[in-house]
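Counting in my numbering, the sequence shown tops out at residue 515, every number present. Heads up, the beta-carbon is just placed ideally off N, CA and C, and yes, glycines get one too. In this text the structure is predicted, and so the values were computed from the model without any measurement.
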Amino acid sequence: MKSNELIDSLQFVIFGASGDLSQTKLIPSLYKLFKRGRLPEEFFLLGADHHFENRAKFLKNLSETVRKTLPETFETALWEKFAKKLDYLQLDFEDDEGYKELSRKLDNKESSSRSSRQRIYYLATAPGFFPLIAEKLDNFSLTGASVAGWPRLVIEKPFGYDLESAVEFNRKISRIFSEDNIYRIDHYLGKEMIQNILTMRFANMIFEPIWNKNYIDNIQIISTEEQGIKSRGKYYDRSGALRDMIQSHLLQMLALIAMESPANMATESILQEKIKLLKSLAETPLPDLENNLVLGQYSRLDGPEKYIPGYQEEENIKSDSSTETFAAVKININNLRWRGVPIYLKTGKRLEKKNTKIFVQFKSDFHPSFLDNNEPEANLLIIKVQPQEGVSLQFNAKKPGSQDEIVPVFMDFCNKAPRDLQSTPEAYEELLAGLIRGDQSLFTHWMEVKNSWLFIDQLREFINTREIKPEKYLPGSRGPEGMKRLVSQDQRRWWDNADLEDKEEKL
Ligand code: BG6
Numbered sequence: 009m010k011s012n013e014l015i016d017s018l019q020f021v022i023f024g025a026s027g028d029l030s031q032t033k034l035i036p037s038l039y040k041l042f043k044r045g046r047l048p049e050e051f052f053l054l055g056a057d058h059h060f061e062n063r064a065k066f067l068k069n070l071s072e073t074v075r076k077t078l079p080e081t082f083e084t085a086l087w088e089k090f091a092k093k094l095d096y097l098q099l100d101f102e103d104d105e106g107y108k109e110l111s112r113k114l115d116n117k118e119s120s121s122r123s124s125r126q127r128i129y130y131l132a133t134a135p136g137f138f139p140l141i142a143e144k145l146d147n148f149s150l151t152g153a154s155v156a157g158w159p160r161l162v163i164e165k166p167f168g169y170d171l172e173s174a175v176e177f178n179r180k181i182s183r184i185f186s187e188d189n190i191y192r193i194d195h196y197l198g199k200e201m202i203q204n205i206l207t208m209r210f211a212n213m214i215f216e217p218i219w220n221k222n223y224i225d226n227i228q229i230i231s232t233e234e235q236g237i238k239s240r241g242k243y244y245d246r247s248g249a250l251r252d253m254i255q256s257h258l259l260q261m262l263a264l265i266a267m268e269s270p271a272n273m274a275t276e277s278i279l280q281e282k283i284k285l286l287k288s289l290a291e292t293p294l295p296d297l298e299n300n301l302v303l304g305q306y307s308r309l310d311g312p313e314k315y316i317p318g319y320q321e322e323e324n325i326k327s328d329s330s331t332e333t334f335a336a337v338k339i340n341i342n343n344l345r346w347r348g349v350p351i352y353l354k355t356g357k358r359l360e361k362k363n364t365k366i367f368v369q370f371k372s373d374f375h376p377s378f379l380d381n382n383e384p385e386a387n388l389l390i391i392k393v394q395p396q397e398g399v400s401l402q403f404n405a406k407k408p409g410s411q412d413e414i415v416p417v418f419m420d421f422c423n424k425a426p427r428d429l430q431s432t433p434e435a436y437e438e439l440l441a442g443l444i445r446g447d448q449s450l451f452t453h454w455m456e457v458k459n460s461w462l463f464i465d466q467l468r469e470f471i472n473t474r475e476i477k478p479e480k481y482l483p484g485s486r487g488p489e490g491m492k493r494l495v496s497q498d499q500r501r502w503w504d505n506a507d508l509e510d511k512e513e514k515l
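Shown next, in the form of structure tokens:
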């Protein structure tokens, strides 16, 4: 539910405050919220981890990082005002004494107003620490109703490694925090155009009546990246594209695109429909995966001007690793709305460009007189998530000046001028604002996580039993050769490779 609950006093504790996520995303986003007057009157941010000896060293490093991260928004005087609200505790997550000190620090900053206080524990640590920290918080009476009206626990993915580990992980956490107070981050839900999907679908008469198998030919949900795995080898080699991107971000986009109309726009109603959709997905028999799943892994690029190490040469990656850095899969959803409509999901690292888009291709049927030589193109709705944000609708029109030549033209809604690729901090800003409001609609529920794992586990089982190895592809390419077959065997095409942008500009 979009709660408008206003809080006067907020204590925000970040475990892992010296890590990359905290320093380049969380704290810069909190600073931006502060700048925009979106933080409560009384705000106290406590960073905790073992990295720095004291507050001064933590702050020195932090202010430099935030300045670099937000070159345009950083203002020294305002930062100093914000920094007064920040404290740091050198804490070993396993050490009981540290939690006593944490408790003292929070008590000292406790607000006198008892009515509208909130406390948030943000676990920006390696996932292995999540249950331990939750347990320690509980042991030291830092949880429960008596503490600032039920503190909230925020956790970053991965929520487990497969269904079994996710269940176990959830069992440990939910013994201490109720589902209402657990906020699982999927930062794609903070992206502007993802938040726009339901509005577009349900606030426009022109889409909903045709949003089904009678009018839609296929859907493509695609998120590609130019970057490799950076320094996340240890995590990524156990994960791969299916677990890292499809289990979370792509299935969340799918749920919003394909769910049924909710009873109303309250969080619970939307959630029910998303869960139903993900459950249908998990329960729909998989298509013949032999022909409908493509895995890839980037190889080395050893060009005259550029050298890019192959995945197997990256730091902390086994030299014979068969982890996929690319995955494309065709799925079906066996319900009345979608039966028979192929949905293609595609994601990968070290590809030609950073691009997240959803393509909805409508069925083609034209007046017979248009079917002769210059057959019109299918109508296409493109939801552009990043780097550009907006929506394009492709339809057919007569080429100006010609007698009967038909050309596809685009109707465009551009949300914002194209941004640089740093969309994540903006998403985090939205997510943190939602978290402070208590708006669970921007976070994932356990049942969504569970059904997503059920689906991914089936794919993984197929890969393991058949010992499928990823196909190699070159950095900067569009992915492994096999992905072309995935759509061409259905007489379809990948729309992200269709260079529509060039076409848009030419028209
Ligand atoms: C994260 C994945 O969840 O999302 C990363 O773990 C990926 O591997 C990132 O790079 C992509 O996010 P965005 O917002 O840059 O598309």
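Exercise. What does DSSP give as the partner residues of TYR129 in its beta bridges?
Worked result: Under DSSP, TYR129 shares a beta bridge with VAL21 and LEU161.
Problem set entry | Limits of the beta strand (DSSP E) - the one that LEU303 falls within | Counting along the chain, LEU303 sits inside the beta strand (DSSP E) bounded by residues 301 to 306.
Problem set entry | Secondary structure, alpha helix (DSSP H): runs of 4+ residues fully inside the stretch 163 to 216 | 171 to 182, 200 to 203 and 205 to 210
Exercise. Opposite LYS354 in the DSSP bridges: which residues?
Worked result: ILE230 and ALA336
For this session: Classify VAL495 as helix, strand or coil using the three-state DSSP reduction.
Result: helix
Exercise. Taking the C-alpha atoms as reference points, what is the distance between PRO295 and LYS284?
Worked result: 20 Å
Exercise. Is it the case that the CB of TYR456 approaches a heavy atom of ligand 1 more closely than 7 Å?
Worked result: At residue 456 the sequence reads Glu, which differs from the Tyr that was named. No.
Exercise. How many whole angstroms separate the CB atoms of GLU233 and LEU359, which I take to be in contact at a CB cut-off of 8 Å?
Worked result: 6 Å
Exercise. Mapping DSSP to helix, strand and coil, what is ILE15?
Worked result: coil
For this session: Can you tell me which of the three DSSP states VAL368 falls into?
Result: strand
For this session: Would you identify the three-state DSSP class for LYS406, choosing helix, strand or coil?
Result: strand
Exercise. Between the Cα of ARG347 and the Cα atoms of THR81, LYS221, ASP188 and ILE237, which residue gives the shortest distance?
Worked result: LYS221
Problem set entry | Segment contact, 8 Å Cβ cut-off, at least three pairs: the stretch 251 to 261 with the stretch 459 to 471 | yes
Exercise. Taking 7 Å as the cut-off, is the CB of THR32 close to at least one heavy atom of ligand 1?
Worked result: THR32: no, Cβ never under 7 Å from ligand 1.
Exercise. Does at least one heavy atom of ligand 1 sit under 7 Å from the Cβ of MET261?
Worked result: For MET261, the CB stays at least 7 Å from every heavy atom of ligand 1.
Exercise. Once you ignore the five residues that flank SER247 on each side, which residues in its own chain have a CB closer than 8 Å to its CB?
Worked result: PRO166, TYR169 and THR331
For this session: Let me know the secondary structure DSSP gives LEU462 once reduced to three states.
Result: In the structure shown, LEU462 adopts helical secondary structure according to DSSP, grouped into three states.
Problem set entry | Residues bridged to VAL417 [DSSP beta-bridge criterion] | PHE403
For this session: Compute the Euclidean distance between the alpha carbons of LYS354 and LYS392, then round it to the nearest angstrom.
Result: 15 Å
Problem set entry | Straight-line gap, LEU131 to ILE476 (C-alpha atoms, nearest Å) | 35 Å
Problem set entry | ASP507 classed as buried or exposed, judged by whether at least 16 other C-beta atoms fall within 10 angstroms | exposed
For this session: State buried or exposed for ARG179, treating a residue as buried only when at least 16 other CB atoms are found within 10 Å of its CB.
Result: exposed
For this session: Express the C-alpha separation of PHE90 and GLU118 in angstroms, rounding to a whole number.
Result: 18 Å
For this session: Indicate the three-state DSSP secondary structure (helix, strand or coil) for LYS326 in the structure shown.
Result: Coil.
For this session: Could you check the C-alpha separation between SER17 and LYS43 for me, to the nearest Å?
Result: 17 Å
For this session: Could you spell out the range, first to last residue, of the beta strand (DSSP E) harbouring ALA290?
Result: Premise fails: ALA290 lies in the alpha helix (DSSP H), 275 to 291, not in any beta strand (DSSP E).
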